[in-house]
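Novice: Submitted below is the structure of interest, expressed as structure tokens.
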Amino acid sequence: MTIKEALKEASLILKNPKEASILLRHLLDYDQVQLLLNEQKPFEKYNPYQTLIKRRLSHEPIEYITEKVSFYSREFFIKQGALIPRPETEILVDYALEIKPQSVAEIGTGSGIISIMLALLIDNIKITATDISKEALEIAKINAEKFKVSDKITFVHTNYLDDIYDEFDMIISNPPYIAEGFELEENLSHEPQNALFGGKVGDEMLKEIVDIWIQRKCSYLLCEMGYDQKESMSRYLNKFNLKFYKDLAGFNRGFIAKRGF
Ligand code: GLN
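According to the working numbering, the sequence shown is numbered sequentially starting from 1141.
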């Protein structure tokens, strides 16, 4: 069987030629051009390819299988144990970049994407990034090394900002904000559930983060949130300057709160 024939077969099994090609290129460590140049060669990795196809058929996200995910036009390392970065979180990063904070605390850093992008794009920034998952922090540290920003980010294994007493210009977070019991697509069952579910109502962790921000006397709070949480968050933050933003699909997706100066 040639490489081309293997690709054709996998495309039919997966009913998705694009994913069949991504998995094949991952297995052979080929880019698109190398795949084209070598497609008539005999295919020697039939069994390993079948294993990847089976993983995808069982709804494991392609990002976990290839251990790669694109965020903010960079390629980050990802594997099971951290939430797969979503494109809408790029908007949260954009708003943080506009403010250009010098000291930031990120709550729930996951794979580290938010802190790493801020470290890459803001000179002299100092970031403390926390997570309750040791596995996620290991992934974040690998990404920080990859992008050579480890000197700008201190990763801490803790709940919220427990035991951290520094002052920050900004607290940023994409916390778990889905309500418990909400029926999710099958792909999401492979992601850490404690990175997705925020409590019975969904906004409990967001409110906890707001409380922490208020206590800390920090200037800015930037959070991603669920499409249906604008009303509850605007009530909870009514004493502050507040701006909500939408994602590319037009859903409410987050807010920027600022202390009146
Ligand atoms: N900060 C990470 C992200 O935005 C992880 C978020 C999370 O685990 N809830 O992808």
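The beta carbon of each residue, even a glycine, is placed where N, CA and C say it ideally should be.
Note that the structure is predicted; figures quoted are calculated from it, not measured.
(1) Tell me which residue opens and which closes the beta strand (DSSP E) that A1335 is part of.
(2) So is I1153 buried or exposed if we call it buried at 16+ other beta carbons inside 10 Å?
(3) Should V1173 go down as buried or exposed, given a rule of 16 or more other Cβ atoms within 10 Å for buried?
(4) Near I1304, which residues of its chain fall below 8 angstroms by C-beta distance, leaving aside the five closest residues on each side in sequence?
(5) Since S1251 is in the beta strand (DSSP E), which residue starts that stretch and which ends it?
(6) Strictly by DSSP, which residues pair up with C1363?
(7) For M1141, which residues from the same chain have a beta carbon less than 6 angstroms from its beta carbon, with the 5 sequence-adjacent residues on both sides left out?
(8) At a threshold of 7 angstroms, does P1225 count as lining the ligand GLN (C-beta to nearest heavy atom)?
(9) Taking 7 angstroms as the cut-off, is the C-beta of I1311 nearer than that to any heavy atom in the ligand GLN?
(10) On a Cα-Cα basis, can you pick out the residue from I1239, I1202, P1241 that is closest to P1225?
(11) Is the Cβ-Cβ distance between P1332 and A1236 less than 8 angstroms?
(12) Within 10 angstroms of its Cβ, does K1292 collect 16 or more other Cβ (buried), or is it exposed?
(13) Examine the ligand GLN and report whether any of its heavy atoms sits within less than 7 angstroms of the Cβ of G1221.
(14) Which two residues bound the contiguous beta strand (DSSP E) that contains T1270?
(15) What does DSSP give as the partner residue(s) for N1327 in the beta ladder?
(16) Do G1087 and the ligand GLN come close, with the Cβ less than 7 angstroms from some heavy atom?
(17) So does S1198 have its beta carbon nearer than 7 angstroms to some heavy atom of the ligand GLN?
(18) Where do the N-terminal and C-terminal ends of the beta strand (DSSP E) with S1210 fall, by residue?
(19) Taking I1247 as the reference, which of K1386, L1346, E1215 has the closest Cα?
(20) Put Y1376 into one of helix, strand or coil per three-state DSSP.
(21) Buried or exposed, going by whether 16 or more other CB atoms sit within 10 Å of the CB of G1390?
(22) Would you call the CB atoms of F1384 and N1283 closer than 8 angstroms?
Specialist: By the coordinates alone:
(1) Run containing A1335: none; DSSP gives neither H nor E here.
(2) Burial call: exposed.
(3) exposed
(4) Annotation for I1304: A1245, T1268, T1270, V1296, T1298 place their beta carbon closer than 8 angstroms to its own, counting only its chain and skipping 5 residues before and after.
(5) Premise fails: S1251 is in no beta strand (DSSP E) and is neither H nor E.
(6) S1313, F1395
(7) F1183
(8) yes
(9) no
(10) Checked all of I1239, I1202, P1241; the closest Cα to P1225 is I1202.
(11) no
(12) buried
(13) The answer is no for G1221.
(14) T1270 -> beta strand (DSSP E) spans 1266-1271.
(15) Beta-bridge pairing links N1327 to no other residue.
(16) Outside the modelled stretch of the chain, which goes from 1141 to 1401, sits residue 1087, for which no answer is possible.
(17) no
(18) Under the DSSP assignment, S1210 falls in the beta strand (DSSP E) whose first and last residues are 1208-1211.
(19) L1346
(20) helix
(21) exposed
(22) Not in contact: F1384 and N1283 (Cβ atoms no closer than 8 angstroms).
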